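Chains as they are written, first to last, in our numbering: chain A, 1 to 388; chain B, 389 to 1466.
Backbone N, C-alpha and C fix where the C-beta goes; we use that ideal spot for every residue, glycine too.
Computed from a predicted structure; not experimentally measured.
Below: the structure, in structure tokens.
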Amino acid sequence: MFKSEKSAKLVLEDGSEFFGISFGADVSKAGEVVFNTGMVGYPETLTDPSYRGQILILTYPLIGNYGIPFDKMLDKLLIDFESAEIHVQGLVIADYAMQYNHWNSVKSLGEWLQLHNIPALCDIDTRALTKKIREKGVMLGKIVVNNNDIPFDDPNKRNLAAEVSCKEVIEYSKNNVNNEANEIINTNKKKILLVDCGVKNNIIRNLVARNLHVIRVPLDYDFLKEEFDAVFLTNGPGDPKMCDITIKNVKKALQQDITTFGICLGNQLLALAAGANTYKLKYGHRGQNQPCNLIGSKRCFITSQNHGFAVDDATLPEGWKAWFVNANDGSNEGIIHDSGLFKSVQFHPEAAPGPTDTQFLFDEFCQILQEKRIQPEILQKFDRNRGD
Amino acid sequence: MQKPKKILVIGSGALMIGQAGEFDFSASQCLKSLKEEQIETVLINPNIATIQTSEGMADKIYFLPITPYFVEKIIEKEKPEGILLSFGGQTALNCGLDLDKAGVFARYGVQVLGTPVKSIRDTEDRELFVKKLQEINVKTAKSFAVRNVADALKAAQQIGYPVMVRSGFSLGGRGSGVVYDETEIFETSQKALANVEQILIEEYLGSWKEIEYEVVRDCYDNCITVCNMENFDPMGIHTGESIVVAPSQTLDNNEYHMLREISLKVIRHLGIIGECNIQYALHPESREYRVIEVNARLSRSSALASKATGYPLAFVAAKLALGYSLLEIKNNITKITTACFEPALDYIVVKIPRWDLKKFKDVDKRIGSEMKSVGEVMAIGRCFEETIQKAIRMLNIQAEGLVCNGNEFTEFNDIKDIRNALKHPTDRRIFAIVEAMKQEIPIDEIALLTGIDKFFLYKIMNIIKMEKRLCEDILTPELLMQAKKIGFSDKQIGILLHKEEAEICTYRMQHKIMPFIKQIDTLAAEYPAQTNYLYLTYNANEHDITPSSGTNNNSVLVLGSGAYRIGSSVEFDWCCVSCVKALKKIGKETIMINCNPETVSTDYDECDRLYFEELTLETVMQIHYFEKPYCVIISMGGQIPNNLAIDLYKNNIHILGTSAENIDCAEDRHKFSKLLDRLQIEQPQWIETASITEAKKFAEAVTYPILIRPSYVLSGAAMNVLYNEEYLDIYLREAVALNPKHPVVITKFIEHAKEIEIDAVAQNGEIIIFAISEHIEHAGVHSGDATMVLPCQKIYVETSRKIEDYARKIAKALEITGPFNIQFLAQDNYVKVIECNLRASRSFPFCSKVTNYNFIDIATKVMLREFGMNVEYIGDATKDINYVGVKAAQFSFSRLKKTDPVVGVEMRSTGEAACFGNDIDEALLKSLAATGFSIPQKSILVSISGDKNRFRLINELRRLYENGYLLYATEHTSAFLTANGIANYRLYKIQDKIEPNVLSYIRQQRVDLVISMPEESEGELKTDSFIIRRTAIDFSVPLINNVQLAKAVIDAILRKKQEELLPLALDEYVPKRTIVNN
């Protein structure tokens, strides 16, 4: 291709090697190799904290087409990214766009990765690689640049959520009045205690947009001492069982009948807190086209997903049931308590990237809080089994 | 919802620009889907060349015009419980709306399944549509619906020029266009309002991105978008005229999902059940968008999306119409996951339209908001460069890719000319972009002039850079590999290196640089797939599959027909599909190669393996190398595979059927002529020459008129009949660049001869079955444009005996095994051979369905004789037929502005329809009605040039007059009629500008039919006669432009009334056949 190009390789723990061209940082990194089948949204995906410790394969071959946007902030959050960092250990793709074009972009994907010291490979048969992972399950791997070899590293042995969680309490609220000091003006907003296991910005944006006051706390924070109306358990990386303190805290919250909602890792934490079990999927669900059926209805939603662990439905204790189910493989996609107060979903209603079909769950959450109604209308309308 | 027991499916009729093969695909899938539910199906579709009208698809087939009149007759007779309107394009939809308006469905208790009629109306009526979308705050382009010219002017002023004029209820954007000033809007709106009640004056969104989503909704309100597509060409160029990529490439997550979210909102609000297509304009530098339109039916785009993703939209839409939920339907590819999902692609798809504008003299070559293309190709690859180069080769327009092309694609006068070509797109703009880059016009400027996103331009630049490197550097395996990865063919590389394609191929194979085979599985490898839907790419390092049957000699490779174009259309797809079906029945494994997304042959459940690939020697050889099939069938897909015969043979490929040498003998004019001489079969005198003097001498010797053409002919390209030396001079000087490398072929043109064809199948030189059909028009009208009658009604016994005899002799001499077609001229029992094709011909489906013998099935078995197949001798397939089939050509002149709607030696029709009758009159009137002709009630305008033609029609015109028709005529025709005692109203000539004027009579549709033909020797002058014909087309007045056809039609309308055109199904005509074979 070009004279300046550097070759590099992806090495898997089974010994196989994939040679490609490096277009990211000149650094070797190791992690768990996973694939994502989404066709758009690489800036959002790469900044999703749930990818912590992972080397990501994008199955869509043409990547980098529209560059990377400028780091603009709004309400303490980067507008076009899901966190302030790139969380993947490395990126593996097929066809990198050397030149990008988009009105909202200021740098290329390669430049951005270099800036964040993340290696990236292109010119890889990502389909072959994906099939390997599908067949053998996720495995460890490393991107080796400039023959600078490093050992494999299993990120699941670490508490990844702790690595990506915020270090101090941060509060968010929609600025209702024009306030130059940018202070949060406390109206009578409901307060959401958001346990940050690696939250995506768009979860916060969705809550704030619905006029909720968000108190974002670190993973192991003893949140019960705070004053709030509901608990929100976020997405995040790694094995949920690593988050034992959080699980204990959630258990206490449940005992106090505090309205609780969870997303992704939040779904697993809620399940564990309820006494159910979780397990590791062979190769996870990562993409934007996962169909989720609302159990008991003929309704199915297309969802954005990114998880390697799942809730084992069979272990749900009494009083709990599965709420959504994956229409492709039957795996759990959400749980709900009979009281209607505690519920969570495995998929990402906040999208970013991906389809926005289930954003109504935020509306529903809001309705429960504000109107103290357990069965909001929004979900009732899906419960019918009759067609048009 | 109770599943109906019997459903009527409305097809789309004859292929025309804007409505082509994609609807054979959608209705075929629909029928398959209903069959699986054990629902009885009735199909109306006069398109005899389609797969949907073949045995085993619908339970009952009606070859009748798709008009409210005939559909009502069928409803009355068949009493279906439900009807499906959305699988037959705009034709079916419009017909359904008319029937609903007339209360027919209510009267007979027929339920419209799928999207309700009200929703269809909301999408079709622009005013209602805009209002409906406003209700949910979805933005549409500023627009005003107007019903007269004055309001159009007012609206345009209010929006500000330029504005877009659109007509509702249209297919392929007919009557639409950008207008820049008052004069233009006056003209355009007047023309459009002649066809439709209301038109739309809209905000012009030129250079905005054009994005489409294919959206599906079930009656439980589940919604998915199966695919989105991005037009490479921006707004202003009809999506059917645009290069299209799937999925979108330049949209970020926000844009992609914002438009997706709106799609779901819109489809829910409109209440669509099934499938719809939604088109957006997206501002290139912001998130501003406009919804352009919603098509509440299967469309060209949905066919493309089905092929691009592997998601069978029509199949699923049919199930949803029955009340299923998306969740209840399985993903046909994985068999384990649900159809309620959105495909994830791990490849890129590029579609390019195929135009045939060269066939039309004086046609406006600019492309814009109206469709002019006649077909399309789709390429699949793992990078844009690879995919677009493939797609260009697939077009089969003699372009080798984006670069390395002949003068035809690269010649521009100067830089100004290139800039002009960028700004005012024609069918060749993609090549102008390449030239612009080579002339170092900056990418920014190219982007500005074309409105094309720079992302695509950068990718094109990569190809040009590689071309340069290949020219400058020494070829190494590494360089070759890189070139292959961005889509360079061996031939392209050979051109750059001044080497033969074969040399590059050898070098490449030596270095083991070969493409890999990948599957299309809808889920980007997330789940294991059973899929047999395949493509090749160099951007890979492993195959997804292993060879099909390996060495057990059981697999057969069938080459498809490529892009639809004038002269090669759905009929060859029918042949390919019929062949594959026959092979499967015998237990063969079938492998299909084709690259046309509008076909049924590229439906992955038709064959065991489908390669959506190029029909070039290189690709066919690569697939052959991998699969190692026992043999290859090249005689089903028309001329493209046929042309590969010799090359494949030279590469030691086992070709099934007639040998490559004998195919060559029929294709090579000199060899074939010698053969005819040897067999003592007559042929028109001919000469191949590069000398003007020799040409003139020959013409004088055989006497004018003569037929002249360049020596390489595809469907009569640049053919001409010349009546004197003056024209010969002009032709040789201007039309062809005469040189020893490019000689011309001159043939004596025999006037007033009948043209007769034989379609047959032979085995080892012995004819097994044949059918002889006659043309209504005399020779001089291309066989694809002629009206064909089967069995022959008006030929001498002696003529038919000679034809049979000649065919037997030729079959013997060429040792034909398989399908063939020979065309003859006949005059006073003299029979001459004019053409012979050792492959299936355009008329095979027609002959097969009229006689109820499947010629392709027989041909396939015949070719498989080496496997021990035996076929019974049948002989004349028409001997027990007591009815008549007539096939009429469908023209698309209304789309091709400024061209003279005449028939001649060049083929110009885009499709065909065939109907049955108890006699020729009934069959003829039905088939003409199926191509848009309506039986004149009262007034007929006659404008005939030359007394010769007037005399030929005098008896028929007299009978029209005697039967109470009002005849209008122009000056000379009027005088002629009066002199012969036929009363008529004279209309003034155009330039007289006096009323009653011929032009205003046509424009105001005060005549029901125009009969107008040029004098044969008239040439192609812009005469009054031309303007009369053109105006008839532009203002939708039926036109007859041929003397013999006029005679036949007048005979028919005087003998038959509409009530006598019986609504009989196919099985009520044809005899039952049981063919014994083993």
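Selection A:Ala310, A:Ala161, A:Lys190 evaluated against Ser173 (chain A) yields A:Lys190 as nearest (Cα-Cα). In the three-state reduction of the DSSP assignment, Val1291 (chain B) falls in the coil class.
Think of a sphere of 8 Å around the beta carbon of Thr303 (chain A): no beta carbon from chain B falls inside it, the nearest being about 10 Å out. Considering only A:Leu113, A:Ser83, A:Thr126, the residue with the shortest C-alpha distance to Gly20 (chain A) is A:Thr126.
At least one beta carbon of chain A lies nearer than 8 Å to the beta carbon of Tyr846 (chain B). The C-beta separation of Val762 (chain B) from Thr1298 (chain B) comes to about 6 Å, placing the pair in contact by the 8 Å criterion. Asn719 (chain B) is classed as buried because its beta carbon has at least 16 other beta carbons within 10 Å across all chains shown. Within the same chain, and ignoring the five residues on either side of Val40 (chain A) in sequence, the residues whose Cβ sits closer than 7 Å to its Cβ are Pro353. Here the C-alpha atom of Val584 (chain B) lies approximately 57 Å from the C-alpha atom of Leu113 (chain A). Here the region 814-824 of chain B makes contact with the region 785-801 of chain B; the two share three or more CB pairs at distances below 8 Å. A residue is called buried once 16 or more other Cβ atoms fall within 10 Å of its Cβ, and Asp154 (chain A), having fewer, is exposed.
If you check the CB distance, Ala696 (chain B) and Gly502 (chain B) do not come in under 8 Å. Residue burial is scored here from C-beta neighbours: Gln545 (chain B) has fewer than 16 other C-beta atoms within 10 angstroms and is therefore classed as exposed. One alpha carbon belongs to Gly1292 (chain B), the other to Ile1138 (chain B), and they sit about 14 Å apart. Using a Cβ distance threshold of 8 Å, Ile661 (chain B) and Glu600 (chain B) do not count as a contacting pair. Close to Asp125 (chain A), with beta-carbon spacing below 7 Å, are these residues of chain B in chain order: Ala928, Asn929, Glu930. Along the region 90-115 of chain A, the positions whose C-beta sits under 9 Å from a C-beta of chain B are Ala94, Asp95, Ala97, Met98, Gln99, Tyr100, Asn101, His102, Trp103, Asn104, Ser105, read in chain order. When DSSP states are grouped into helix, strand and coil, Lys6 (chain A) belongs to the strand group. By the neighbour-count definition (other C-beta atoms within 10 Å, threshold 16), Asp357 (chain A) is a buried residue. Straight-line spacing of the CA atoms in Asp961 (chain B) and Val944 (chain B) works out to 17 Å.
Inter-residue distance for Ala890 (chain B) and Ala1048 (chain B) is about 19 Å (C-alpha atoms, whole angstroms). Closest by C-alpha distance to Leu837 (chain B), out of B:Ala779, B:Glu994, B:Trp596, is B:Trp596.
If only complete runs of 4 or more residues are kept, the region 1061-1147 of chain B shows the alpha helix (DSSP H) at 1080-1090, 1113-1118, in order along the chain. Here the region 1000-1015 of chain B makes contact with the region 1025-1045 of chain B; the two share three or more CB pairs at distances below 8 Å. The three-state secondary structure of Cys983 (chain B), taken from DSSP, is coil. Between Lys753 (chain B) and the set B:Lys1286, B:Ile1441, B:Pro985, the nearest pair of CA atoms involves B:Lys1286.
Here Lys157 (chain A) is exposed, its C-beta having fewer than 16 other C-beta atoms within 10 Å. Of all alpha-carbon atoms in A:Gly266, A:Met242, A:Glu227, the one lying nearest the alpha-carbon of Leu233 (chain A) is that of A:Gly266. Under the Cβ distance rule, Lys131 (chain A) counts among the residues neighbouring chain B, one pair being separated by less than 8 Å.
Using beta-carbon distances, Pro635 (chain B) counts as an interface residue toward chain A, with a partner under 8 Å. The residue from B:Asp1193, B:Ile1134, B:Val534, B:Val632 with its alpha-carbon nearest to that of Ile1155 (chain B) is B:Asp1193. Among the residues of the region 243-269 of chain A, none has a Cβ less than 9 Å away from any Cβ of chain B.
Ile463 (chain B) is a Cβ neighbour of Leu396 (chain B), given a cutoff of 8 Å. Taking 8 Å as the cut-off, the beta carbon of Arg216 (chain A) is found no closer than this to the beta carbon of Val164 (chain A). When 8 Å is used as the limit between beta carbons, Ser674 (chain B) is near these residues of chain A: Trp103, in chain order. The beta carbon of Asn293 (chain A) is closer than 6 Å to those of Cys300, Val325, Ala327 in its chain, skipping five residues each way along the sequence.
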